[in-house]
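Numbering (full-length UniProt numbering), first residue to last: 1 to 232.
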């Protein structure tokens, strides 16, 4: 059994193609068969922000111990917006002011500004800028159908696993329609596939959240697999 969300879901697709004899069940969650043009555009802006940081030093920042923290922080702020939905942001922050009044300046005034800066600052403490750049390229390049003249069904044909495809209603970065493309390609070659769209306000980050219906689906699927292999 392999389970992956977002980029992890893409990895699950790739492994299902590359190692069909080693996988019996594949869960692809909040993923896509390839990035949309818009997603590639977001990744490019993030890369340019990091690479424009004066401390980036063409990626050789380790030797002078000055990490490109400002660029990485801003890239994370941009990326984090794409992981959330408009409804979730509005419900959590709205137009709340941090100090209760407008100060006509460029420091933090709205609560959403404070939140994004916090997300950016905390991210630089646990993530490497070059790793961020490489992972965005991995996302951009992923396209299993590229070697099959754009035919995703043909690209997925070596897979023998049973698939569970999960999407989330408010995920606009990897929308339900992208998950349905994967499902359709699998059905076209008679793969065993189940699909469900979970109602959620949390955007792409839904796959990381404690959403009751999501957990029910996962628990039921894992229990069925446990029964198949006799470990219940």
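Ideal placement from N, C-alpha and C gives every residue a C-beta, glycine not left out. Since the structure is predicted, the reported quantities are computational estimates derived from the model, not experimental observations.
Residue of the options minimising C-alpha distance to residue i
i: residue 7; options: 199, 138, 186, 97; result: 138
i: residue 3; options: 212, 227, 208, 213; result: 208
i: residue 171; options: 221, 47, 125, 82; result: 82
i: residue 200; options: 213, 191, 188; result: 213
Cβ-Cβ distance between residue i and residue j below 7 Å
i: residue 71; j: residue 45; result: no
i: residue 167; j: residue 184; result: no
i: residue 5; j: residue 84; result: no
i: residue 153; j: residue 188; result: yes
N-terminal and C-terminal residue of the alpha helix (DSSP H) that residue i is part of
i: residue 42; result: 37 to 51
i: residue 211; result: Careful: residue 211 lies outside any alpha helix (DSSP H) and carries neither H nor E.
i: residue 154; result: 152 to 156
DSSP-derived helix/strand/coil call for residue i
i: residue 23; result: coil
i: residue 101; result: coil
i: residue 163; result: strand
i: residue 123; result: helix
i: residue 9; result: helix
i: residue 141; result: helix
i: residue 132; result: helix
i: residue 83; result: helix
i: residue 114; result: helix
i: residue 170; result: coil
Extent of the continuous beta strand (DSSP E) run through residue i
i: residue 108; result: Where residue 108 is concerned, there is no enclosing beta strand (DSSP E), given that its DSSP letter is neither H nor E.
i: residue 182; result: Where residue 182 is concerned, there is no enclosing beta strand (DSSP E), although the alpha helix (DSSP H) it sits in stretches over 176 to 188.
i: residue 231; result: Careful: residue 231 lies outside any beta strand (DSSP E) and carries neither H nor E.
i: residue 1; result: Note, residue 1: premise wrong, no beta strand (DSSP E); not H, not E.
**Message:** Counting beta carbon pairs with one atom in the stretch 139 to 156 and one in the stretch 27 to 40, are three or more of them shorter than 8 Å?
**Reply:** Taking 8 Å as the limit for Cβ pairs, the verdict is that the stretch 139 to 156 does touch the stretch 27 to 40.
**Prompt:** Can you find at least 3 beta carbon pairs, one from the stretch 61 to 75 and one from the stretch 120 to 135, that sit closer than 8 Å?
**Reply:** Between the stretch 61 to 75 and the stretch 120 to 135 there are three or more inter-stretch CB-CB distances shorter than 8 Å, so the stretches are counted as touching.
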